[in-house]
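This report refers to the structure that appears directly beneath it.
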Amino acid sequence: MKKIQSALLSVYYKDGLAPIIALLHQHGVKLYSTGGTQTFIEEMDVPVTAVETLTGYPSIFGGRVKTLHPAVFGGILYRRNDAGDVAQAAEFQIPAIDLVIVDLYPFEETVAAGASDEEIIEKIDIGGISLIRAGAKNFEDTLIVSSRNQYADVLSILTENNGATQLAHRRRYAQEAFATTSHYDTKINEWFSPPPPMGELTKTPPSGAGGLRYGENPHQSATFEGDLEAIFDKLHGRELSYNNLVDVDACVELIDEFKDNGPTFAIIKHTNACGVATAATAHQAYLNALACDPVSAFGGVIITNAKIDVATAQELNKLFMEILIAPEYDAEAVEILQSKKNRILLQRKPVELPQKMHKTILNGVLVQDKDRLIEKAEQMKPVTVKTPTPAEYRALEFALKVCKHTKSNTIVFANENQLLASGTGQTSRVDALRQAVEKTKAFGFSLKGAVMASDAFFPFADCVELAHQAGITAVVQPGGSIRDQDSIEYCNAHGLAMVTTGVRHFKH
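Under my numbering, the first residue of the sequence shown is numbered 456, with each subsequent residue one higher.
Next up, the structure:
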């Protein structure tokens, strides 16, 4: 156990920091700080020493150099159990720093906002990332807190341990710190890396000899063993990442459900649709898809079955997206969309994709057929007194297409041309439904006259009851629960139409 006696705080984001400062003050910890963080601490009436007092130098070069000084880094890095280090610290009057709380300038967010090169470069953190690495390297003596997402946990640790930390805490936070710096540097490298020449698609050799930047997370290595060039022409942007490829696959699988529909757009985030819409024009289809959840759409992957024209490109260009996929682009539309350096533009080729899925588990591989079934109105069996109207049948077909490609447990609300909301990846079906209801409220949609699709049966009548209260008038589900009759009876009593398909669409 190591008692914290001194701390350096220098952060960009200050939300959630006040309780930690109060606790450190309560335990008599000496605080050092800079700039806005120092002002924040002073406004709490907590004593704080300016780093300039420690170093003897003011913040210089427009704030580019503040903490880069032996008095700061020596206090973090000197080894408390090394007699030579201790003697040098005393000789040069370098105080020990036991806790470092520092985050990084918002480089990714600045790039995403379409800022100028000059603004982006100024958001490349130098002092902060150096402090994080120093604190992580000397985890034997120093606790490094490198993200505001850790504040609640840090507060809990310090409270439970009476202002002290254990070696296990410091080592874990060091590992998280290096993950933070690795991710940050990767994003800077990506920004500096030039995009491939126009029309050239980066192709990873089928042998797997060519690797991706990293896997699902920065600490995981990864390769793609396949031939992207056979599927896409890349018109613009950086190299596809592991997560990009996973989302692109989800996009392609979903949009192929709408190959017989009019212009359709789907917006994907973490493999789930946050917007899907069909309309008379690509422009209107995109606007309707974006309206489903404009918050989640930020940083998403977008796909359409329609040609990207100038009007649609102008709307798309207003949104920060990772990737846009379309079968065709107007030349002027491509020029508009190329205004964002890292945005990936893919033109899809008409290629048949494999019909088998492979998944590595334990010490083997699972292989299964892809889920190619999708039920149309003719395969939907009415089980209630009221049957769906033609418009409701069309809406049920639309909802079921989206539902099939959403993580289980899922509930999807839709009308005949637009996703209204979905509850995704919940451990209970009723929680998925509640999530979907809250989303419709958040984005101003009315569920009056809308329909609901479920990827699996209803174990209880609570789902149809809540759906009815929200305004749903028709429901599609596989059926097969031993308590199906409970849901059917509720629908009959309240004038809802329900159809069953006999086909479950779990997706894990």
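C-beta atoms are modelled at their ideal positions from N, C-alpha and C, and glycine is treated no differently.
Quick caveat, the model's predicted, so the values are computed rather than measured.
Inset, instruction - Could you have a look at Y606 and say whether DSSP puts it in helix, strand or coil? - result: helix
Inset, instruction - Select from V930, L532, F547 and Q834 the residue whose C-alpha is nearest the C-alpha of E871. - result: V930
Inset, instruction - Consult DSSP for L695 and reduce its assignment to one of helix, strand or coil. - result: Coil, per DSSP.
Legend entry - Euclidean distance between Cα positions of L509 and L486: 11 Å
Legend entry - Spatially closest choice to A629 from V600, V885 and F713, by CA coordinates: V600
Legend entry - Whether K831 touches E852 by CB criterion (7 Å): Taking a C-beta distance under 7 Å as the contact criterion, K831 and E852 qualify as a contact pair.
Legend entry - Contacting residues, own chain, Cβ-Cβ under 8 Å from E497 (five flanking each side not counted): V503
Legend entry - When Y533, G539, A544 and I556 are compared against A473, the one with the closest alpha-carbon: I556
Inset, instruction - Give the single residue among K896, Q460, H480 and L875 whose Cα lies nearest to the Cα of T733. - result: L875
Inset, instruction - Express the C-alpha separation of G692 and P933 in angstroms, rounding to a whole number. - result: If you take the alpha carbons of P933 and G692, they lie about 42 Å apart.
Legend entry - Strand pairing of R803, partner residues [DSSP]: F687
Inset, instruction - Report the residue from N593, S488, A607 and S514 whose alpha carbon sits nearest the alpha carbon of R626. - result: N593
Legend entry - I549 beta carbon less than 7 Å from that of A570: no
Legend entry - Three CB pairs or more closer than 8 Å across the segment 719–732 and the segment 755–765: With a cut-off of 8 Å, the segment 755–765 and the segment 719–732 count as touching, because enough Cβ pairs lie within range.
Legend entry - Buried/exposed call for H813, threshold 16 Cβ in 10 Å: exposed
Inset, instruction - For K658, I'd like the list of residues in its chain whose CB is within less than 7 Å of its CB, leaving aside the five on either flank, ordered along the chain. - result: Low confidence applies to K658: its pLDDT is 43, below 50, so where it sits in the model is not reliable enough to give any reading.
Inset, instruction - To the nearest angstrom, report how far apart R827 and V857 are at their CA atoms. - result: 13 Å
Inset, instruction - Could you check which residue in K714, D580 and L800 has the C-alpha nearest to that of V756? - result: L800
Inset, instruction - Give, in chain order, every unbroken run of the beta strand (DSSP E) that is at least 3 residues long and sits entirely within the segment 510–560. - result: 554–557
Legend entry - Contact set for S909: own chain, Cβ-Cβ below 6 Å, skip 5 residues either direction: I866 and Q932
Inset, instruction - Put P652 into one of helix, strand or coil per three-state DSSP. - result: In this prediction, P652 has a pLDDT of 45, which is less than 50 and means its spatial position is unreliable; what the coordinates show is noted afterwards. Correct three-state label for P652: coil.
Inset, instruction - Kindly confirm or deny that the segment 456–472 and the segment 558–577 touch, where touching means at least three C-beta pairs closer than 8 Å. - result: Yes, they touch.
Inset, instruction - Identify, in the order they occur along the chain, each residue of the same chain with its Cβ nearer than 8 Å to the Cβ of A905, setting aside the five sequence neighbours on each side. - result: A850, F868, A869, N870, L875, G926, I927 and T928
Inset, instruction - Could you say if the segment 951–958 and the segment 831–840 meet the contact criterion of at least three C-beta pairs nearer than 8 Å? - result: yes
Legend entry - DSSP-derived helix/strand/coil call for T956: Looking at T956 - three-state DSSP - the assignment turns out to be coil, as it is neither helix nor strand.
Inset, instruction - Could you round the C-beta distance between D688 and Q802 to whole angstroms and report it? I think they count as a contact, below 8 Å. - result: About 4 Å separates the beta carbon of D688 from that of Q802, a gap short enough to meet the 8 Å contact definition.
Legend entry - Alpha carbon of A462 to alpha carbon of Q890, nearest angstrom: 41 Å
Inset, instruction - Consult DSSP for E893 and reduce its assignment to one of helix, strand or coil. - result: helix
Inset, instruction - Rounded to whole angstroms, what's the CA-CA distance from V707 to N797? Just pull it up for me. - result: Straight-line spacing of the CA atoms in V707 and N797 works out to 21 Å.
Legend entry - Backbone secondary structure at V707 - three-state DSSP: Helix.
Legend entry - Buried or exposed by the 16-neighbour rule on C-beta atoms within 10 Å, applied to E920: E920 is classed as buried because its beta carbon has at least 16 other beta carbons within 10 Å across all chains shown.
Inset, instruction - Work out the CA separation of N864 and I791 for me, nearest whole Å. - result: 39 Å
Legend entry - Residue span of the beta strand (DSSP E) that contains I575, given as start and end: Where I575 is concerned, there is no enclosing beta strand (DSSP E), although the alpha helix (DSSP H) it sits in stretches over D572 to E577.
Inset, instruction - Using a threshold of 7 Å, state whether the C-beta atoms of A589 and F528 are closer than that. - result: yes
Inset, instruction - Give the secondary structure of K658 by DSSP, where H, G and I count as helix, E and B as strand, and everything else as coil. - result: With a pLDDT of only 43 at K658, under the threshold of 50, the placement of this residue in the model should not be trusted; the figure read from the coordinates follows. Looking at K658 - three-state DSSP - the assignment turns out to be coil, as it is neither helix nor strand.
Legend entry - Delimiting residues of the alpha helix (DSSP H) encompassing H923: D917 to A925 is the extent of the alpha helix (DSSP H) around H923.
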